[in-house]
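Visitor:
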Amino acid sequence: DLAWKQWKLLPGAEHFSGSLNGSVEHGELRARMTQALMPYTGVFRAPLEIAAGEATLSWVKNDKGFMLDGRDIDVQATGVRARGGFRYLQPQGDDPWLGILAGISTNDGGQAWRYFPENLMGKALVDYLSGAIKAGQARDATLVYGGNPHLFPYPHNEGQFQVYVPLKNATFAFQPDWPALTGLNIDLNFINNGLWMRADKAMLGNVTASNLDAAIPDYTAEKLLIDADIKGPGKEVGPYFNTTPLKETLGAALDSLQLDGDVSARLHLNIPLDGEMTTAKGDVRLQNNSLFIKPLDTTLQNLSGNFSFVNGDLNSETLSATWFHQPLNLNFSTREGEKAFLVDVGMNANWQPSHTGLLPKAVNESLSGSVPWEGKVAIELPYHGNASYKVDINGDLKNVSSHLPSPVNKPAGEPMPIKINVAGGLSSFDLTGSVGAKNHINSRWLLNHKLTLDRAILTSDSKGLSPLPDQPGVELNLPPMDGAQWLALFQNGAANEVSSTILFPQRIVLRTPSLALAGQQWNNVSLMSQPVAGGSQVEAQGR
């Protein structure tokens, strides 16, 4: 029942017993330990807790050098059991050589922190692995060592040190502030001065990661690299990153641009082990997904194509989608600005107005042809404050034929450029635009429970925008009109379907130099309809 304290690199021991025979030149020691502590300060962070251990050591010392041989080594310690042997050679006048072969099993991978040699692996790496490996079991782990121990960890492959651990049902927290991977079957391969890990499958929240490869290629570089294929519901990707340090960057981007439907991606994480910011980058493939653009409260359907990201900076290739039942080409990018998160979207399409689902049936039946257009959307999401956005759309009604009443009738082939500009936030936006050279609109919309037109002014034969009305309402300054044709259009339900989705103000002012109505020609007409108690009041002036 011997005991001794640690001396340099010889660990301390207690409850040591055995038998010794031979001489200094050639001998053998059969050793046993039970319920013993082996302090190894400077190497392991806690004393080795030996439940039971035995070994046979033999040695030879002569003019050729020294050999120490360890056989039938079997040690049961906290969370681990190791069986194997070693041989140490110190030839006279030559370099030493150490060879180790051992089989290892563990029923609690969470105890791995006890067995990382800090003097060889470095404090940062031991800190990392001690916090990363939370649980798991392994039955067939193997330790192989061969080389000059003075050259360890063999940065130039002068020797071999390898511990291969096929860990089952593991819990692996690859970063303290990231969600841990659970139920993981992962192979840990410690090779010389690096660590390589591989898992066929892992769960990132409710998203499946496959072909997961992780590596710390060089302990001194203190960086963990992770690569994985990702597949799962797009709506689960954003919530996952919202539980990570990337919440304010990539998480914010995916909150503003919300994907639905299954997505597949290749993910790469560069994780400094010194606490610096993680870099997440990857490539995402979309196939018939939907994309909800939250600040604009609109959804793109049948979205297909690719985009890449580096943390919160996203950049897409040209994507195809359906918007308002029409095909659309688009690209988008996001950027982390100094004061705000920025989203830019580019779009182009060739739409048939009668197929958008935005217009009443009576209007659709009077339109034919298509409108080529392109647009740009700029969204600004301040880190502190409210979102804002701008939309600029340019198109040409040249190929559109309209059989609506004058002044919105036109034949196909007549050029008619159209411009629409929107600027606003989460509660309202201003929409301005022009059709042709002389028709201009200025309007303000409220984003209530139902889209509400607060006030607007439409002017024909004008050189530019007119100021908004002082009070809620619509002012229409129109060219000569045929009132009978417009009444017939409204009697066919031209306004019904629009009013079901949009709230219009009740105060309406119409001005026209000429109005044909009821067989009469009225000049300098001014009509005003406004709400009064119990109904509406209409005032008309003309001659």
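full-length UniProt numbering puts the first residue of the sequence shown at 1, with every later residue one more than the last.
Every residue gets a Cβ at the ideal spot worked out from N, C-alpha and C, and that includes glycine.
Can you tell me which of the three DSSP states asparagine 399 falls into?
Guide: Note: asparagine 399 maps to coil in three-state DSSP.
Visitor: For the 8 Å Cβ check, are there 3 or more pairs between the stretch 390-402 and the stretch 298-318?
Guide: Flag = no, the stretch 390-402 and the stretch 298-318 do not touch.
Visitor: Inspect the CB distances between the stretch 272-284 and the stretch 339-349 and report whether three or more fall short of 8 Å.
Guide: Touching, no.
Visitor: By DSSP, does glycine 542 sit in helix, in strand, or in coil?
Guide: Of the three classes helix, strand and coil, the one that applies to glycine 542 here is coil, per DSSP.
Visitor: So the alpha helix (DSSP H) alanine 221 belongs to, where does it begin and stop?
Guide: Neither: alanine 221 is in no alpha helix (DSSP H) and is coded neither H nor E.
Visitor: Expressed to the nearest angstrom, what Euclidean distance is found between the alpha-carbon atoms of valine 263 and glycine 232?
Guide: Their backbone Cα atoms lie some 6 Å apart in a straight line.
Visitor: Please report the straight-line C-alpha distance between valine 538 and methionine 416, rounded to a whole angstrom.
Guide: Rounded to the nearest angstrom, the two C-alpha atoms are 34 Å apart.
Visitor: Below 8 Å on the Cβ atoms is my guess for leucine 167 versus alanine 138; work out the distance and round it to an integer in Å.
Guide: Between alanine 138 and leucine 167 the Cβ distance is about 5 Å, and since that is below 8 Å, they are a contact.
Visitor: Taking DSSP as the reference, what is the three-state secondary structure of alanine 484?
Guide: Three-state result, alanine 484: helix.
Visitor: What does histidine 355 pair with, by DSSP beta-bridge criteria?
Guide: Partner(s): none; histidine 355 has no beta bridge.
Visitor: Tell me, please, which residues DSSP counts as bridged to serine 210.
Guide: The partner list for serine 210 (beta bridge, DSSP) reads Lys201, Asp229.
Visitor: Short of 6 Å in beta carbon distance, which residues of its chain neighbour aspartate 177, apart from the five on each side in sequence? Order them along the chain.
Guide: Within the same chain, aspartate 177 has close Cβ partners Pro245.
Visitor: Please report the distance separating the alpha-carbon of glycine 122 from that of valine 207.
Guide: Each residue's Cα considered, the two are about 34 Å apart.
Visitor: Give every residue of the same chain whose Cβ lies closer than 8 Å to the Cβ of glycine 147, excluding the five residues on either side of it in the sequence, and list them in chain order.
Guide: Around glycine 147: Trp97, Leu98, Tyr154, Glu158, Gly159, Gln160, Phe161.
Visitor: Opposite alanine 135 in the DSSP bridges: which residues?
Guide: In DSSP, alanine 135 forms a bridge with Thr171.
Visitor: On the DSSP bridge assignment, give the partners of valine 284 in chain order.
Guide: Its beta-bridge partners are Ala265, Phe307.
Visitor: Count the other CB atoms, across all protein chains shown, that sit within 10 Å of the CB of arginine 71; report buried if there are 16 or more and exposed otherwise.
Guide: So arginine 71 counts as exposed.
Visitor: By the three-class DSSP mapping on this structure, what secondary structure does threonine 249 have?
Guide: In the structure shown, threonine 249 sits in a helix (DSSP, three-state: H, G or I).
Visitor: The alpha helix (DSSP H) with proline 239 in it runs from where to where?
Guide: Proline 239 -> alpha helix (DSSP H) spans 234-241.
Visitor: Can you tell me whether aspartate 94 is helix, strand or coil according to DSSP?
Guide: Three-state result, aspartate 94: coil.
Visitor: Run through the stretch 306-352 for me and flag every whole beta strand (DSSP E) of 3 or more residues, listed as ranges in chain order.
Guide: As far as the stretch 306-352 is concerned, its whole beta strand (DSSP E) runs of at least 3 residues are 313-316, 319-323, 326-336, 340-351.
Visitor: Among Pro469, Ser462, Pro467, which one has its Cα closest to the Cα of leucine 478?
Guide: Leucine 478 has its Cα closest to that of Ser462, out of Pro469, Ser462, Pro467.
Visitor: Between which residues of its own chain and asparagine 185 is the CB-CB distance below 8 Å, once the five residues before and five after are set aside?
Guide: Cβ neighbours of asparagine 185 beyond the five flanking positions: Pro166, Leu167, Lys168, Asn169, Ala170, Ala199, Asp200, Lys201.
Visitor: Would you mind stating whether isoleucine 104 and valine 80 have Cβ atoms separated by less than 9 Å?
Guide: In this structure, valine 80 lies closer than 9 Å to isoleucine 104 by Cβ.
Visitor: Apart from the five residues just before and just after methionine 67, which ones in its own chain have a Cβ nearer than 6 Å to its Cβ?
Guide: For methionine 67, where only same-chain residues beyond five positions count, the Cβ hits under 6 Å are Val60, Leu89.
Visitor: Smallest Cα separation from tyrosine 115: which of Arg87, Gln76, Asp95?
Guide: Residue Gln76 is the option with its Cα nearest to tyrosine 115.
Visitor: I'd like the span of the beta strand (DSSP E) that includes valine 75, first residue to last.
Guide: Taken as a continuous stretch (DSSP letters only), the beta strand (DSSP E) holding valine 75 covers 65-77.
Visitor: Do the stretch 249-265 and the stretch 287-299 make contact, defined as three or more Cβ pairs closer than 8 Å?
Guide: Output reads yes: the stretch 287-299 touches the stretch 249-265.
Visitor: Comparing alpha-carbon positions, which option in Ser58, Leu2, Asp63, Thr106 lies nearest leucine 37?
Guide: Answer by Cα proximity: Leu2.
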